[in-house]
Amino acid sequence: MADSPAIWAVLAAGAAVTYAARGLGVALSGRIDPAGAVFRWVGCVAYALLAALVARMILLPVGPLQETATGQRLLAVLAALAVFYAARRSVAAGAAAGTAMMIALAWSGLSPF
Amino acid sequence: MPSRPLRTRRPPSPALAAVRDALGIPGVVLFASYVGFGSLVRESGLGLPEGLVSTATGWALPGQVALVELYAVGASIVTIALAVALTNTRLLPMVVTIMPLLRDDRAPRWWFYALAHVVAVTSWANGMRRLPALAPGDRLRWFAAYGAVLWSATMAGTAAGFFLAGLVPKPVTLGLVFLNPVYFLLLFAEDLRDRAKVLALGLGAVTGPVLHLAAPAYGLLATGLAAGTLAFLLDRILARRTRHRG
Numbered sequence: 000m001a002d003s004p005a006i007w008a009v010l011a012a013g014a015a016v017t018y019a020a021r022g023l024g025v026a027l028s029g030r031i032d033p034a035g036a037v038f039r040w041v042g043c044v045a046y047a048l049l050a051a052l053v054a055r056m057i058l059l060p061v062g063p064l065q066e067t068a069t070g071q072r073l074l075a076v077l078a079a080l081a082v083f084y085a086a087r088r089s090v091a092a093g094a095a096a097g098t099a100m101m102i103a104l105a106w107s108g109l110s111p112f
Numbered sequence: 000m001p002s003r004p005l006r007t008r009r010p011p012s013p014a015l016a017a018v019r020d021a022l023g024i025p026g027v028v029l030f031a032s033y034v035g036f037g038s039l040v041r042e043s044g045l046g047l048p049e050g051l052v053s054t055a056t057g058w059a060l061p062g063q064v065a066l067v068e069l070y071a072v073g074a075s076i077v078t079i080a081l082a083v084a085l086t087n088t089r090l091l092p093m094v095v096t097i098m099p100l101l102r103d104d105r106a107p108r109w110w111f112y113a114l115a116h117v118v119a120v121t122s123w124a125n126g127m128r129r130l131p132a133l134a135p136g137d138r139l140r141w142f143a144a145y146g147a148v149l150w151s152a153t154m155a156g157t158a159a160g161f162f163l164a165g166l167v168p169k170p171v172t173l174g175l176v177f178l179n180p181v182y183f184l185l186l187f188a189e190d191l192r193d194r195a196k197v198l199a200l201g202l203g204a205v206t207g208p209v210l211h212l213a214a215p216a217y218g219l220l221a222t223g224l225a226a227g228t229l230a231f232l233l234d235r236i237l238a239r240r241t242r243h244r245g
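So the sequence lines, in the order shown, correspond to chains X and G. Using numbering that gives the first Met the number 0, the first residue of the first sequence is number 0, and each one after it goes up by one. Using numbering that gives the first Met the number 0, the first residue of the second sequence is number 0, and each one after it goes up by one.
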């Protein structure tokens, strides 16, 4: 599969559709009043999309994380949040704790469910 | 420590400040996340050039992971393009909301089209918080430098991950891949003062997985529109109520 020429077409298509979203964003931004209701609505849609994406990455991941159990991922998220709040909202400490917990769980094979 | 006199001194330059900001946690997290991507590329039977081109041109991890995974299972180019497009539609509202912060009448229009390429979750979430504190004339340079450093970190991470694939124990790779969603989650948990934002995040997180199970292809986009609109309306209703009471 590695020498299949189709991968370059796939990469080009991926780049095109990805930039289309960004370029369209620039084009539209000039027409939306930053103080208006439409702008606020667009912001809400952005945050909802991001939250949905992060929830999906944790609960229903694509890629390597499919090998881990849902319980392991949830426990690692809990560890990250607990340390984040305990360490006065330190993103670094929370992220490190979540990663360390995931590594420990994946290594030991332990899972709450 | 002489803290008083320093406060009146102007920071060296917005670009330098951005480099310093980006080389901290954001750069480390993105590097580590892309180490995970680099090894995924190799394990999927693709070469380093393909991985680097994906990172350079896609520059949004969830879409890149979807592309590589779908390609590896032999999906058609149309299926892959659609999946990537639906995963990355979020970039549109993200660009729309950050552009007013970058507005600078002295800059040519194409600058903004170029800068839009380095809008992704990390640069966006940090930019939305950092940019308002900067002088309007400094913001473009800050964001350009910030994006350039993060972009370089992802390229280096992709290459490192490709060469490290197989050498790094599997649990460590899994931990690195997991770092990405955890970091995003904490970025949002860090700043929960705006009611509309909290509503949108909460509704999106709850609705997202449900709609994804119901309609894997369109679930994400449907969630964004439905949960985002609901959050927007709820916020307006709540705002009106407090105004009436006050």
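Glycine included, C-beta positions come from ideal geometry on N, C-alpha and C.
Out of VAL167(G), PHE111(G) and LEU51(G), state which residue places its alpha-carbon closest to the alpha-carbon of ALA26(X).
Here the question's residue 26(X) lines up with position 27 in the first sequence. Closest by alpha carbon: PHE111(G).
Out of GLY62(G), GLY37(G), ASP190(G) and PHE231(G), which has the shortest C-alpha to C-alpha gap to PHE83(X)?
Within the first sequence, numbered from 1, the residue matching residue 83(X) stands at position 84. With distances taken between CA atoms, PHE83(X) lies nearest to ASP190(G) out of GLY62(G), GLY37(G), ASP190(G) and PHE231(G).
Given this structure, state the Cα-to-Cα distance separating ILE97(G) from TRP123(G), to the nearest angstrom.
One-based indexing of the second sequence puts residue 97(G) at position 98. One-based indexing of the second sequence puts residue 123(G) at position 124. Between ILE97(G) and TRP123(G), the C-alpha separation is close to 7 Å.
Assigned exposure category for ILE6(X) - 16 Cβ within 10 Å defines buried
As a working mapping, residue 6(X) is identified with position 7 in the first sequence. ILE6(X) should be labelled buried.
Any beta carbon from chain X within less than 8 Å of PHE183(G)'s own beta carbon?
Residue 183(G) sits at position 184 when you count from the first residue of the second sequence. So, interface residue.
Alpha carbon to alpha carbon, what distance is there between GLY126(G) and SER28(X)?
Position 29 of the first sequence, counted from the first residue, corresponds to residue 28(X). Position 127 of the second sequence, counted from the first residue, corresponds to residue 126(G). The C-alpha of GLY126(G) is placed about 16 Å away from the C-alpha of SER28(X).
Under a CB-based cut-off of 8 Å, is GLY113(X) close to chain G?
In the structure displayed, chain X extends from 0 to 112; residue 113(X) sits before or after that span and is not available.
From the DSSP output, in three-state form, read off PRO135(G) for me.
Walking along the second sequence from the start, residue 135(G) turns up at place 136. Three-state result, PRO135(G): helix.
Residue-level contact to chain X via CB, THR121(G), 8 Å cutoff:
Residue numbering aside, residue 121(G) sits at position 122 when the second sequence is read from its first letter. Not closer than 8 Å to any Cβ of chain X, the Cβ of THR121(G) fails to qualify, so no.
Under the three-state reduction of DSSP, which class applies to ALA214(G): helix, strand or coil?
In the second sequence, the residue the question calls residue 214(G) occupies position 215. Coil at ALA214(G), not helix or strand.
Could you pull the start and end residues of the alpha helix (DSSP H) that THR88(G) belongs to?
Working through the second sequence from its first residue, we reach residue 88(G) at position 89. No alpha helix (DSSP H) holds THR88(G); DSSP gives it neither H nor E.
Using a Cβ cut-off of 8 Å, pull out every chain X residue sitting near ILE79(G), in sequence order please.
Counting from 1 along the second sequence, the entry for residue 79(G) is found at position 80. VAL9, ALA12 and GLY13, listed in chain order.
Please list the terminal residues of the continuous alpha helix (DSSP H) segment that includes TRP110(G).
Against the second sequence, residue 110(G) aligns to sequence position 111. Looking at the DSSP string, the run of the alpha helix (DSSP H) that includes TRP110(G) is 108-114.
Is the shortest distance between the beta-carbon of LEU77(X) and the beta-carbons of chain G less than 8 Å?
Mapped onto the first sequence, residue 77(X) falls at position 78. Not a single CB atom of chain G sits nearer than 8 Å to the CB of LEU77(X).
Contact with chain G by GLY42(X), beta-carbon distance below 8 Å
As a first step, residue 42(X) must be located in the first sequence, where it is residue number 43. Output row for GLY42(X): interface = yes.
In three-state terms, what does DSSP make of VAL72(G)?
Taking the first residue of the second sequence as 1, we reach residue 72(G) at position 73. Here VAL72(G) carries a coil assignment [DSSP, helix/strand/coil].
Between the C-alpha atoms of LEU210(G) and ALA119(G), what's the straight-line distance to the nearest angstrom?
By 1-based counting over the second sequence, the position of residue 210(G) is 211. By 1-based counting over the second sequence, the position of residue 119(G) is 120. So the two alpha carbons sit approximately 23 Å from each other.
Buried or exposed (CB count within 10 angstroms, at least 16 for buried), PHE162(G)
What you label residue 162(G) is simply residue 163 of the second sequence in a count that begins at 1. Result: exposed.
Roughly how many whole angstroms lie between the Cα atoms of PRO135(G) and PRO11(G)?
The residue you call residue 135(G) lines up with position 136 of the second sequence. The residue you call residue 11(G) lines up with position 12 of the second sequence. Computed Cα separation, rounded: 16 Å.
Exposed or buried, what is SER32(G) when buried is set at 16 or more other beta-carbons lying within 10 Å of its beta-carbon?
The residue you call residue 32(G) lines up with position 33 of the second sequence. By the Cβ-count criterion, SER32(G) is buried, with 16 or more other Cβ atoms from all chains shown falling within 10 Å of its own Cβ.
Using the Cβ count rule (16 or more neighbours within 10 Å means buried), how would you classify HIS116(G)?
Residue numbering aside, residue 116(G) sits at position 117 when the second sequence is read from its first letter. It counts as buried.
Just confirm the distance between the C-beta atoms of ALA86(X) and ALA92(X), as a whole number of angstroms; I'd bet it's less than 8 Å.
Start at 1 with the first residue of the first sequence, and residue 86(X) comes out as number 87. Start at 1 with the first residue of the first sequence, and residue 92(X) comes out as number 93. Sure, about 4 Å apart at Cβ, within 8 Å.
Can a CB atom of chain X be found closer than 8 Å to the CB of TYR33(G)?
Residue 33(G) sits at position 34 when you count from the first residue of the second sequence. So, not an interface residue.
Proximal chain G residues relative to PRO111(X), where beta-carbon distance stays under 7 Å:
In the first sequence, residue 111(X) corresponds to position 112, counting from 1. Chain G residues near PRO111(X): none, gap ~16 Å exceeds 7 Å.
Using a Cβ-Cβ cutoff of less than 6 Å, which residues in the same chain neighbour ARG194(G) once the five nearest sequence positions on both sides are dropped?
In the second sequence, counting from the first residue as 1, residue 194(G) sits at position 195. Here the set comprises ASP234.
Return helix, strand or coil for VAL234(G), following the three-state DSSP convention.
Taking the second sequence and counting its residues from 1, the one referred to as residue 234(G) is at position 235. What sits at residue 234(G) in the sequence shown is Asp, not Val. Note: ASP234(G) maps to helix in three-state DSSP.
Outcome for GLY35(X) when other beta-carbon atoms lying within 10 angstroms are tallied against a minimum of 16
What you label residue 35(X) is simply residue 36 of the first sequence in a count that begins at 1. In this structure GLY35(X) is exposed. Its beta-carbon is surrounded by fewer than 16 other beta-carbon atoms within 10 angstroms.
Chain X partners of LEU91(G), CB-CB under 7 Å?
Sequence index remark: in the second sequence, residue 91(G) carries index 92 (1-based). Ordered by position in chain X, the residues that pass the 7 Å Cβ test against LEU91(G) are ALA20, LEU23 and GLY24.
Are the region 43-55 of chain G and the region 166-178 of chain G in contact at 8 Å, needing three or more beta carbon pairs?
The region 43-55 of chain G vs the region 166-178 of chain G: no contact.
Output yes or no for whether 8 Å exceeds the beta carbon distance between GLY203(G) and ALA50(X).
Along the second sequence, read from residue 1 onward, the residue named residue 203(G) stands at position 204. Along the first sequence, read from residue 1 onward, the residue named residue 50(X) stands at position 51. Yes.
To the nearest whole angstrom, what separates the beta carbons of THR56(G) and ALA8(X), a pair I think is in contact under 8 Å?
Residue numbering aside, residue 56(G) sits at position 57 when the second sequence is read from its first letter. Residue numbering aside, residue 8(X) sits at position 9 when the first sequence is read from its first letter. The pair is not a contact, with the Cβ atoms about 13 Å apart (cut-off 8 Å).
LEU74(X) to SER110(X) span [Cα, whole Å]
As a first step, residue 74(X) is located in the first sequence; it is residue number 75 there, counting from the start. As a first step, residue 110(X) is located in the first sequence; it is residue number 111 there, counting from the start. Approximately 8 Å, taken between the alpha carbons.
Less than 8 Å separating the beta-carbons of ALA94(X) and LEU185(G)?
Locating residue 94(X) in the first sequence gives position 95, where the first residue counts as 1. Locating residue 185(G) in the second sequence gives position 186, where the first residue counts as 1. Contact flag set, yes.
Local conformation of ILE31(X) per DSSP, three classes:
Walking along the first sequence from the start, residue 31(X) turns up at place 32. Coil at ILE31(X), not helix or strand.
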